[in-house]
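Q:
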Amino acid sequence: MNAPRFHPIWLLLLTFSILSVEGSRVLPFQVYLWPGGPNPNMEARLRAQASSTDYDSMVMVEYVPPTIQFSPTGGEEVETIRAAESRLSPVYRYEGEGPLFFFREIQSGEEVVRRVPLGSVVVPETIERALLLFMPNPTSPDTFRIYPIDNSLSKTKPGEACLHNVTQSEIGCLFNEEQVLLGPGEQKIVSIGASERITIVVRIAAQDDDGDWKQRHARQLSVQPDDSLTILIYNKPEKANAFRILKLENPKQ
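Reminder that position 98 of the sequence shown reads as 98 in our numbering, one-by-one numbering, no gaps.
(1) In or out: Tyr63 buried (at least 16 other Cβ within 10 Å) or exposed?
(2) Based on the DSSP output, what are the partners of Tyr92 in its beta bridges?
(3) Measure the beta-carbon distance from Pro225 to Glu196 and round it to whole angstroms, keeping in mind my assumption that it falls under 8 Å.
(4) Using the rule of at least 16 other Cβ atoms within 10 Å of the residue's Cβ for burial, across every protein chain shown, is Lys239 buried or exposed?
(5) Tell me whether Ala242 is buried or exposed, calling it buried when 16 or more other Cβ atoms sit within 10 Å of its Cβ.
(6) Around the Cβ of Glu160, are there at least 16 other Cβ atoms within 10 angstroms (buried) or fewer (exposed)?
(7) Ignoring anything shorter than 3 residues, give me the beta strand (DSSP E) runs that lie fully in the segment 172-247, in order along the chain.
(8) Any idea what DSSP makes of Ser120, helix, strand or coil?
(9) When you compare only the Cα positions, how much space is there between Pro90 and Asp210?
(10) If you draw a straight line from the C-alpha of His164 to the C-alpha of Lys214, how long is it?
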């Protein structure tokens, strides 16, 4: 599956990442890896295949997720994130204050373990539960740009979807015949409204320069009645009116 591209300089999300956090807190979060970020594990596997003389083994290399780690308390304890490209991770918890740092540990000597920085993010106090988007960083290819999205409403019950407008525009969304108006950065929960597996149509509309509403994008989504979904509505890079939809299935509790 070809994952959609993501605009790397959304001012709305960048604003989230520079707000300060005061005091200790417990922050549940999930990670979503956008394709194209650093992955030394995969690069090493590709190099090994390229140097192999066993030409019969020259087949497609199986994907290996990158090693992404963090300290749940900001100290010496280390936990590894189970994340893969275009997939939503399980829920993790950070207890501490200040930025949340991500790294990968490598052994640079017989007993020396070094933490290689991968990125950091400051999550505003107003966010009780975060969805962290790990984006490729064009200015530092060995690290991620990390953007926090308020996922607090994604204690979304089975049979519901949380719609996130992560664009700079006001949009209208028709979700399985339910009409929703979303301002920039706004989110709302809607009912999936299905008693069996169905295909629903999601339509996105936005105003043109004259203030007239026009459909900008439509996509069919296959859903189950007990799904809990996070739906991101975003722009294609450098194209403000090219809207796209990304469906994420929240892990079953």
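Heads up, the beta-carbon is just placed ideally off N, CA and C, and yes, glycines get one too.
A: The answer reads as follows:
(1) exposed
(2) Phe29
(3) 6 Å
(4) exposed
(5) exposed
(6) buried
(7) As for any beta strand (DSSP E) of minimum length 3 sitting wholly inside the segment 172-247, the runs are 178-182, 187-191, 198-207, 213-223, 228-236, ordered along the chain.
(8) strand
(9) 44 Å
(10) Cα-Cα distance, rounded: 19 Å.
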